[in-house]
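There are 2 protein chains.
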Amino acid sequence: MEAAKRKKLQRAGWKIGSTQDFLGLSDEETAFVELKLGLSERLRIRRVNSGLSQDDFAKRIGSSQSRVAKMEASDPSVSLDLLVRGLLATGATPKEIGTAIARRHVA
Amino acid sequence: MEAAKRKKLQRAGWKIGSTQDFLGLSDEETAFVELKLGLSERLRIRRVNSGLSQDDFAKRIGSSQSRVAKMEASDPSVSLDLLVRGLLATGATPKEIGTAIARRHVA
DNA sequence: TGCGCTCATGTCACATCTGACATATCATAG
DNA sequence: CTATGATATGTCAGATGTGACATGAGCGCA
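If you read the sequences in order, they're chains W and G. Take the first sequence: its position 79, counting from 1, is numbered 79 in the working numbering, and each next residue is one higher. Take the second sequence: its position 57, counting from 1, is numbered 1057 in the working numbering, and each next residue is one higher.
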């Protein structure tokens, strides 16, 4: 998948404001990626707020530390399904998930 | 996946109000299934409103009629990813998607 | 310096999802 | 009744996602 670059760039220090810009992504692909970003941010927030390490959290949702890291990094290899399941497992409500999807930068 | 039954029961004429009841689903599994239902309903609405057959729509999003039918039926074999991509392809905004997830029974 | 804890990244066998196809059901028109 | 168009259901080979493992980087602490 082409969009694998995003992560790299992001790591390299680029503030992600609108993602698209550099990479030649279609509008739909962009929307999809941003939507995943909203969820992964939300996931990290919830995990950190509950004082868990990635490893603890992984066990709690029946996964592994490395996959949790990838979830939070919104790695191309993680599906929306996994992100949403992860959020639900933390007790996030569908409403909160909907909000995370609808608009980013929400507290 | 266990939850494959849902569809069958639903077909058999059971009004799905809260899904859970019969099948022994955990709260999280239930929430996940309902969340998918919200999206699949939304998808069918958007397709019908734009006057497309499943077949037309399938071509437009690079899939097949049978898969579209499964998407709208919220078949266990379809992922959230596919539903969301499908919605985005119809021009649905992240906001609309978020709303479809947050609360069902929305017009 | 070395140790323990946390998070990131790459890899891979195994599981799940996907498009395509075949076929079935169900209307509605002729 | 019988075509025709739309939708539903089952199957499967190939594509994609997943947990697990190894390993490295960063950090605070003795």
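The beta carbon of each residue, even a glycine, is placed where N, CA and C say it ideally should be. Every value quoted in this text rests on a predicted model; they were computed, and no experiment measured them.
Can you tell me where the alpha helix (DSSP H) holding residue 81 (chain W) begins and where it ends? 80 to 89 is the extent of the alpha helix (DSSP H) around residue 81 (chain W).
Using the Cα positions of residue 1033 (chain G) and residue 1050 (chain G), report the straight-line distance between them to the nearest angstrom. Cα to Cα, residue 1033 (chain G) sits roughly 26 Å from residue 1050 (chain G).
Anticipated Cβ contact below 8 Å, residue 1061 (chain G) with residue 1086 (chain G), distance rounded: Right, their Cβ atoms sit about 6 Å apart.
Same chain, Cβ closer than 6 Å to residue 122 (chain W), five either side skipped, listed in chain order: With chain W covering only 1 through 107, there is no way to say anything about residue 122 (chain W).
Any Cβ of chain G within less than 9 Å of the Cβ of residue 95 (chain W)? Judged by the 9 Å Cβ criterion, residue 95 (chain W) is in contact with chain G.
Pairwise C-alpha distance: residue 1065 (chain G) and residue 1056 (chain G): Using only the alpha carbons, I get a separation of about 8 Å.
Flag this pair as yes or no: are the beta carbons of residue 80 (chain W) and residue 1081 (chain G) separated by less than 9 Å? Yes. Within cutoff.
Runs of 4 residues minimum, wholly inside the stretch 1044 to 1072 of chain G: which ones carry the alpha helix (DSSP H) assignment? Runs of the alpha helix (DSSP H) inside the stretch 1044 to 1072 of chain G: 1054 to 1060, 1065 to 1072.
Within chain G, the residues that residue 73 (chain W) reaches when beta carbons sit closer than 7 Å: What residue 73 (chain W) touches in chain G, judged by beta-carbon distance under 7 Å, is nothing: the nearest beta carbon there is about 17 Å away.
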